[in-house]
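J.:
Numbering (the numbering used here), first residue to last: 7 to 107.
1. In chain order, what residues of the same chain have a beta carbon less than 6 Å from the beta carbon of residue 75, not counting five sequence neighbours either side?
2. Three or more C-beta pairs under 8 Å: does that hold for the region 24-44 against the region 84-92?
3. With H, G and I counted as helix, E and B as strand and the rest as coil, what does DSSP make of residue 57?
4. Grouping DSSP H, G and I as helix and E and B as strand, with all else coil, what is residue 48?
5. Near residue 103, which residues of its chain fall below 6 Å by C-beta distance, leaving aside the five closest residues on each side in sequence?
Listed below in structure tokens is the structure:
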């Protein structure tokens with residue numbers, strides 16, 4: 007399923023978000039499987055504060071979203087909105103296509 011071209015503002019935000027190594031690592035892990043912040047800390051080997059700060063930022067920019075919370079531990083699980091993001095650069099133009107998960 008192809009969602010098509012997004013607005014230029016969303017494209018620039020996506021490039022900015024995924025241009026950051028920590029955010030990209032988190033996003034790529036979530037593309038494989040939904041995970042909690044604790045799982046992401048283990049998988050990415052990033053500090054806890056970094057993971058939660060980057061998750062909040064990715065969520066604010068509509069790239070990840072919380073899907074459920076374990077009530078006892080208050081552990082939140084996250085997933086990505088897109089299974090694929092393609093970036094195409096040709097003739098000085100950037101085109102980004104988003105495939106919903």
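We treat Cβ as the ideally placed atom computed from N, Cα and C, and that holds for glycine.
T.: Answer, in terms of the structure:
1. Along the chain shown, read from residue 1 onward, the residue named residue 75 stands at position 69. Cβ within range, chain order: 82.
2. Note that the region 24-44 touches the region 84-92; at least 3 beta-carbon pairs, one per stretch, sit closer than 8 Å.
3. Translated into positions along the chain shown, residue 57 becomes position 51. Residue 57: helix per DSSP, three-state reduction.
4. In the chain shown, the residue the question calls residue 48 occupies position 42. Here residue 48 sits in helix by DSSP.
5. Position 97 of the chain shown, counted from the start, is the residue given in the question as residue 103. Taken in chain order, the residues that qualify are 92.
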